[in-house]
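Inspection log for the structure reproduced underneath, given as structure tokens.
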Amino acid sequence: MDLTEEIRARVCRRCDFYKEGETLECAAFKTAKRLVEQGKVSLDEI
Ligand code: SF4
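Those letters in the sequence shown? Residues 543 to 588, by our numbering.
Below, the structure is given as structure tokens:
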């Protein structure tokens with residue numbers, strides 16, 4: 543699973559706005575992804 547899919551599974555599936563097949567990357571999604579990419583938080587800390 544790539545990082546986008548990991549974030550989708552960990553963040554989007556708990557979001558009230560999530561729809562199956564979600565392809566949007568809202569500000570919260572992008573921020574979470576960037577923090578993981580920069581090593582500031584781990585996937586498990588999200
Ligand atoms: S992209 Fe943003 S708004 Fe959409 S499901 Fe994920 S967290 Fe929610």
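Glycine included, C-beta positions come from ideal geometry on N, C-alpha and C. Quantities reported herein were computed from a predicted structural model and do not represent experimental measurements.
Could you tell me whether the Cβ atoms of E548 and L585 are closer together than 8 angstroms?
One-based indexing of the sequence shown puts residue 548 at position 6. One-based indexing of the sequence shown puts residue 585 at position 43. A contact, by the Cβ cut-off of 8 angstroms.
So is R555 buried or exposed if we call it buried at 16+ other beta carbons inside 10 Å?
Reading the sequence shown from its first residue, position 13 is the one you call residue 555. So R555 ends up on the exposed side.
Measure the Cβ-Cβ separation of I588 and A574 and say whether it is below 8 angstroms.
As a first step, residue 588 must be located in the sequence shown, where it is residue number 46. As a first step, residue 574 must be located in the sequence shown, where it is residue number 32. For I588 and A574, yes; Cβs fall inside 8 angstroms.
Determine the contact status of E564 and R550, defining contact as a CB-CB distance below 8 angstroms.
Here residue 564 refers to the residue found at position 22 when the sequence shown is read from its first residue. Here residue 550 refers to the residue found at position 8 when the sequence shown is read from its first residue. Their beta carbons are under 8 angstroms apart, which means E564 touches R550 by this criterion.
Listed in chain order, which residues are found with a beta carbon closer than 6 angstroms to a heavy atom of the ligand SF4?
V553, C554, C557, F559, Y560, E564, L566, E567, C568, A570, F571
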